[in-house]
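Colleague: Each residue of the sequence shown is one higher than the last, beginning at 15 in the working numbering.
Glycine included, every Cβ here is placed at the ideal spot set by N, Cα and C.
It should be emphasised that the depicted structure is a prediction, and the values quoted were computed from it without experimental measurement.
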Amino acid sequence: MNFPLFWAILGAVFCLMELFLPTGFVESTLGISAFIVAFFALAVPIFSLQIVLWVALSLVFIFLLRRFVPKRTPYSLQESTEARTLTAIAPGKTGRVIYEGNSWQARCDDETITIGADQPVVVISRKGNTLYVIPESALRA
């Protein structure tokens, strides 16, 4: 088997995969490592050594690249925690609120309270696409 050709084709496949399935340059690093091993394979025809070199280069490139990939921060609620109910929220049930100009599914954080429609509420937390709210009047009491 022609090992340099194998590694060159593998490198091209990984680089093309990165174009269609973006993974944060992981596939690109695998492809670049394969191209380097293709040149190495011209001098050293031992396939097991080529595999070890490819894995080692790939790991080194991935760890070096992690510095340049921005860290994802979890979504947090903005400072504005005021909202207004669009529909009534029955105890233990969901309703709709308008929050920062968008309609959100909402549930009362205290499952014993009923919140009427068009009432001011305070957003306590968010789980998935559901906001947990309490009536503003409950804060004043």
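What do you get for G45, buried or exposed, if any count of 16 or more other CB atoms within 10 angstroms of its CB means buried?
Modeller: Translated into positions along the sequence shown, residue 45 becomes position 31. By the neighbour-count rule (16 or more Cβ atoms within 10 Å), G45 is buried.
Colleague: At which residue ranges does the stretch 81-130 contain complete beta strand (DSSP E) runs of 3 or more residues, listed in the order of the chain?
Modeller: 96-99, 108-113, 116-122
Colleague: What are the boundary residues of the beta strand (DSSP E) that includes T144?
Modeller: By one-based count along the sequence shown, residue 144 stands at place 130. Here the beta strand (DSSP E) through T144 covers 144-149.
Colleague: Which partner residues of P134 appear in the DSSP bridge assignment?
Modeller: Stepping through the sequence shown from its first residue, residue 134 is reached at position 120. DSSP lists R98 as partners of P134.
Colleague: Let me check one thing: in DSSP terms, what residues is R140 bridge-paired to?
Modeller: Translated into the one-based positions of the sequence shown, residue 140 becomes position 126. According to DSSP, R140 bridges with L145.
Colleague: Determine the burial state of V74: buried for a count of at least 16 other Cβ atoms within 10 Å of its Cβ, exposed for fewer.
Modeller: Indexing the sequence shown from 1 puts residue 74 at position 60. V74 should be labelled exposed.
Colleague: Is the Cβ-Cβ distance between I76 and I103 less than 8 Å?
Modeller: For the purposes of this step, residue 76 is identified with residue 62 of the sequence shown, where counting begins at 1. For the purposes of this step, residue 103 is identified with residue 89 of the sequence shown, where counting begins at 1. No, the Cβ-Cβ distance between I76 and I103 is not below 8 Å.
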